[in-house]
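Worksheet: the structure to be examined is printed underneath.
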Ligand code: NDP
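In the working numbering, the protein residues as written are 41 to 283.
Dropping the structure here:
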């Protein structure tokens, strides 16, 4: 199937990597279903492209029913789902000794359960279609552990394990699994950090050495635009100056 026929669901499409990927896919003519909590941002993005096939719906990935509704919307409007881009995530870093139990829970609920909710919502449809592609935004932090980021790294290590398990379980149903691991990227992610010192440090790093979300979007589109017999299972896209 050509890219411009594909139906792609994107979570976390209201800013950063998700929004950049949506815009690149719109340029390529794909049909899109966008989800995030800030529905006004989704509306702004869709309104920029009045001729594109884009629908959107307020979505909180911590709620399984929101993902089910997003898949339902895709099927009602476009009749199928070819790609789910599980991209939503947060990164409230802090040292473990600060005991930020609420933030830990939010990260588990968003970064891990959010991905699992997407998988659970879309998999029955893809199995029935006997085709599909699930992509997750992981991180270099899913490969390397940094101080103050133990829980965030833990969520991203988990996503990598889940996505590799998905690939192995679903390959015979022609369902692909792709793990995209960005390095430092200049997005709004630093705003999810409540620790003032950490937030300032990450903001500075994003501005000084961060790559553009559009660079990650290109990697996502490259993974999507492969023939059925080719799976890009794992990509790391680092900022060149990142250690
Ligand atoms: P942004 O903060 O710009 O984007 C994050 C997106 O996730 C937003 O659209 C936000 O939308 C959405 N989101 C957060 N929580 C929820 C939720 N509960 N339900 C639905 N959507 C949610 O940052 P990025 O673009 O950088 O982040 C995208 C992904 O990239 C994340 O998974 C992040 O971990 C990962 N990543 C980012 C890196 C970076 O340096 N920027 C490096 C490596 C990985 P809304 O608030 O409207 O719900």
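All C-beta atoms in this analysis are idealised placements derived from N, C-alpha and C, irrespective of residue type, glycine included.
query = Taking Cβ positions, are residue 136 and residue 198 nearer each other than 8 Å?
reply = no
key: Beta-ladder partner(s) of residue 75, from DSSP   = 51, 97
query = Does the Cβ of residue 246 lie closer than 7 Å to at least one heavy atom of ligand 1?
reply = yes
ask   = Between which two residues does the beta strand (DSSP E) harbouring residue 10 extend?
value = Outside the shown range of the chain (41 to 283) lies residue 10, about which nothing can therefore be said.
request  = Can you check DSSP and say which residues form a bridge with residue 176?
outcome  = 126, 219
task = Quick one: give me the first and last residue of the alpha helix (DSSP H) that residue 203 is part of.
result = 190 to 210
inquiry  = Can you tell me whether residue 41 is helix, strand or coil according to DSSP?
reply    = coil
task = Let me know the secondary structure DSSP gives residue 271 once reduced to three states.
result = coil
query = Cβ of residue 104 within 8 Å of Cβ of residue 50?
reply = no
message = What I want to know is whether the C-beta of residue 207 ends up closer than 7 Å to one or more non-hydrogen atoms of ligand 1.
response = no
task = Name the residue from 177, 92, 157, 246 whose alpha carbon lies nearest to the alpha carbon of residue 263.
result = 177
inquiry  = Once the 5 residues before and after residue 275 are set aside, which same chain residues still bring their CB inside 6 Å of it?
reply    = 220, 259
task = With a cut-off of 8 Å on the beta carbons, I'd call residue 65 and residue 270 a contact; round off their distance for me.
result = Rounded, the Cβ-Cβ distance is 19 Å, inconsistent with contact.
query = When burial is assigned at 16 or more other CB atoms within 10 Å of the CB, is residue 257 buried or exposed?
reply = buried
request  = Within the same chain, show all residues whose beta-carbon is closer than 8 Å to that of residue 120, passing over the 5 residues directly before and after it, in chain order.
outcome  = 47, 114, 165, 169
task = Answer yes or no: do residue 73 and residue 110 have a C-beta to C-beta separation smaller than 8 Å?
result = yes
inquiry  = Shorter than 7 Å, the distance from the beta carbon of residue 101 to the closest heavy atom of ligand 1, or not?
reply    = yes
request  = Report buried or exposed for residue 132, applying the criterion of at least 16 other Cβ atoms within 10 angstroms of its Cβ.
outcome  = buried
message = What does DSSP give as the partner residue(s) for residue 318 in the beta ladder?
response = The question about residue 318 has no answer here: the residues shown for the chain are numbered 41 through 283.
inquiry  = At a cut-off of 7 Å, would you count residue 187 as near ligand 1, judging by its Cβ distance to the nearest heavy atom?
reply    = no
message = On the DSSP letters alone, give me the boundaries of the alpha helix (DSSP H) that residue 154 sits inside.
response = 154 to 169
key: Residues that DSSP places opposite residue 66 in a beta bridge   = Answer by DSSP bridge pairing: none, since residue 66 is not bridged.
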